[in-house]
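> Add 138 to the 1-based position in the sequence shown for this note's numbering, that's all there is to it.
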Amino acid sequence: MNDNDTTEPESWELRLYVAGQTPKSITAFNNLKKLCEEHLAGKYKIEVIDLLKNPQLAKGDQIFAIPTLVRKLPQPLKKIIGDLSNKERVLVGLDLRPLREK
């Protein structure tokens, strides 16, 4: 067993709550996908939940605004509201450290 607590989680489970295919929702998904490919390649799963089709799902994660990104795993749960265009804010919000090439 490894006692090193600084190891990166093996898997990230992310949920993106949207309301239809609006420009803001599409932008949020594209920004999230790009960020995940850059920082979590091969270690993430994105589930897009359209609240126009499944409004009852908003209650489980207490969604009050859209688009909202919810990090389900690794724990603890984290939320970010908006189109995810501010990369630094998203990285900090997800508690994800950028990869450094040094």
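C-beta atoms are modelled at their ideal positions from N, C-alpha and C, and glycine is treated no differently.
Hey, is the stretch 219-229 in contact with the stretch 155-171, meaning 3+ C-beta pairs nearer than 8 Å?
yes
> Less than 6 Å between C-beta atoms, sequence neighbours within five positions excluded: which residues of the same chain meet that for Ala157?
Leu189, Leu190 and Ile204
> Output the distance between the C-alpha atoms of Ser149 and Ala179, rounded to the nearest integer angstrom.
10 Å
> Going by beta carbon distance, what residues of the same chain come within less than 7 Å of Val230, once the five residues before and after it are set aside?
None.
> I need the straight-line Cα distance from Ile164 to Lys217, nearest angstrom please.
Roughly 18 Å between the two C-alpha positions.
> What is the DSSP secondary structure of Arg241, reduced to helix, strand or coil?
This structure cannot speak to residue 241, because the chain is shown only from 139 to 240.
> Rounded to whole angstroms, what is the Cα-Cα separation between Lys181 and Ile187?
20 Å
> Could you pull out every residue in the same chain whose Cβ sits closer than 6 Å to the Cβ of Asn140, ignoring the five residues on either side in sequence?
Residue placement at Asn140 is poorly supported in this model, since its pLDDT is 40, which falls under 50; the coordinates still yield a value, given next. Nothing listed; no residue qualifies.
> Is the CB-CB distance between Ile184 and Leu232 below 8 Å?
no
> Run the CB neighbour count on Leu215, radius 10 Å, all protein chains shown included, and call it buried at 16 or more, exposed below.
Exposed: under 16 other Cβ atoms inside 10 Å.
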